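Read through the structure below, which is laid out as structure tokens, and then see the notes.
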Amino acid sequence: MQQQTEVVRERRFRRVEPMPTHVVPDRANDSLIVRAMQAGVMPVLRFIPTPHWAVRRFLEWDNRIENERDAWDRLRDVNEMGRYRTIQGFVETFAPGGSVLDVGCAQGILQEGLRYGEYTGVDLFPETLATARGQGQPGTRYVVGSAETYVPDRAHDAIVFNETLYYPRHPVQEAQRFARHLTPDGVIIVSLFNRAWWPRRLMRRLNAALGAPVAETRVFSGQGAGWTIRVYRPAAVSARPRG
Ligand SMILES: C[S@@+](CC[C@H](N)C(=O)[O-])C[C@H]1O[C@@H](n2cnc3c(N)ncnc32)[C@H](O)[C@@H]1O
């Protein structure tokens with residue numbers, strides 16, 4: 091019996107290498123977001139009610155710079171690690187050995203060190219995907235696509251939006267659209283920056299659309315950044331008796 095369990099485990103999980111991280115040095119020519127954080131404007135942004143549509147244009151433009159400069163290599167900074175580890179823990183807890191879709195995956199940092207059955211990383215920028223270290227690993231694929239148009243070709247046990255729901259024009263509707271491609275018990279995992287007004291509002295809107303989260307963790311870095319990570323199980327909402 092013991093032997094049988096171990097065989098199953100081996101089949102479901104691949105061997106994984108530890109996620110490589112390092113301290114990313116400060117760079118003067120980083121994106122405006124990074125500069126804003128370094129200049130300490132984030133505490134002010136916490137209270138300014140800025141609409142998503144206004145910030146989105148700026149973020150879209152800034153995102154292009156980030157992709158061109160270092161393909162988001164700065165996210166390998168050890169101060170980001172708590173967020174990745176939390177999300178990896180949620181994936182492994184709620185979708186053990188399952189099929190994972192990582193929307194806006196950039197370099198696929200989440201995939202490194204994650205235990206899964208199948209992993210699909212989707213991102214808008216092919217040059218960034220080309221830097222993904224997990225390319226070619228069994229059960230792993232990277233696909234160029236947009237969070238606004240990509241249609242999953244299979245049902246997933248976990249769909250992750252790790253710092254990416256800022257970019258679609260209609261983030262809540264996109265999250266709902268992706269939710270239709272979950273397995274019956276599948277989960278949506280969302281991480282959003284919680285030091286600004288509008289992502290906090292976006293989280294509240296997600297709660298209204300996807301139901302109360304089944305898990306939540308807040309992570310704070312020593313550099314003044316903070317993220318809220320929530321796990322939604324939309325099936326739990328649709329299964330609720332109506333009326
Ligand atoms: C802040 S990074 C997060 C990267 C990744 N989730 C992680 O934490 O390692 C945002 C990523 O979303 C991607 N992105 C932006 N808009 C997108 C869209 N409409 N569809 C798919 N990916 C998008 C960017 O190219 C970038 O790689």
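At position 174 of the sequence shown the residue is numbered 264 (our numbering), and the sequence of numbers has no breaks.
Cβ atoms here follow ideal geometry from the backbone N, Cα and C, with glycine treated the same way.
Source: prediction; values computed, not measured.
Given a threshold of 16 other Cβ atoms within 10 Å of its Cβ, counted over all protein chains shown, does residue i qualify as buried or as exposed?
i	result
Trp-288	buried
Pro-258	buried
Thr-183	exposed
Ala-248	buried
Between residue i and ligand 1, is there a pair consisting of the residue's CB and a ligand heavy atom that are separated by less than 7 Å?
i	result
Asn-252	yes
Gly-194	yes
Ala-265	no
Trp-199	In the sequence under discussion, the amino acid at residue 199 is Ile, which differs from the Trp named in the question. Because some heavy atom of ligand 1 lies under 7 Å away, the Cβ of Ile-199 counts as near it: yes.
Ser-236	yes
Trp-162	yes
Phe-215	yes
Leu-135	no
Where does residue i fall in DSSP's three states?
i	result
Thr-273	strand
Arg-173	helix
Trp-317	strand
Gly-179	helix
Phe-137	coil
Val-98	A caution first: Val-98 carries a pLDDT of 44, below 50, which makes its placement in the model too unreliable to give a value.
Arg-285	coil
Cα separation between residue i and residue j?
i	j	result
Pro-261	Leu-255	6 Å
Val-208	Val-190	At residue 208 the sequence reads Glu, which differs from the Val that was named. Spanning the two alpha carbons is a distance of roughly 6 Å.
Glu-306	Tyr-240	27 Å
Glu-217	Tyr-232	12 Å
Problem - Cβ contact (3+ pairs, closer than 8 Å) linking the segment 226-244 and the segment 162-177 - result: Counting Cβ pairs under 8 Å, fewer than three are found: no touch.
Practice task
Report yes or no: do three or more beta-carbon pairs, one from the segment 291-302 and one from the segment 147-164, lie closer than 8 Å?
Solution key: With contact defined as three or more Cβ pairs closer than 8 Å, the segment 291-302 and the segment 147-164 are not in contact.
Practice task
State whether the segment 317-326 contacts the segment 275-284, with contact taken as three or more CB pairs (one from each stretch) at a distance under 8 Å.
Solution key: A contact exists between the segment 317-326 and the segment 275-284.
Handout entry: Touching by the beta-carbon criterion (3+ pairs, under 8 Å), the segment 132-152 and the segment 240-247
Key = Result no; under three Cβ-Cβ pairs closer than 8 Å.
Practice task
Could you tell me whether the segment 121-129 touches the segment 270-278, where touching means 3 or more Cβ pairs closer than 8 Å?
Solution key: Segments in contact, no.
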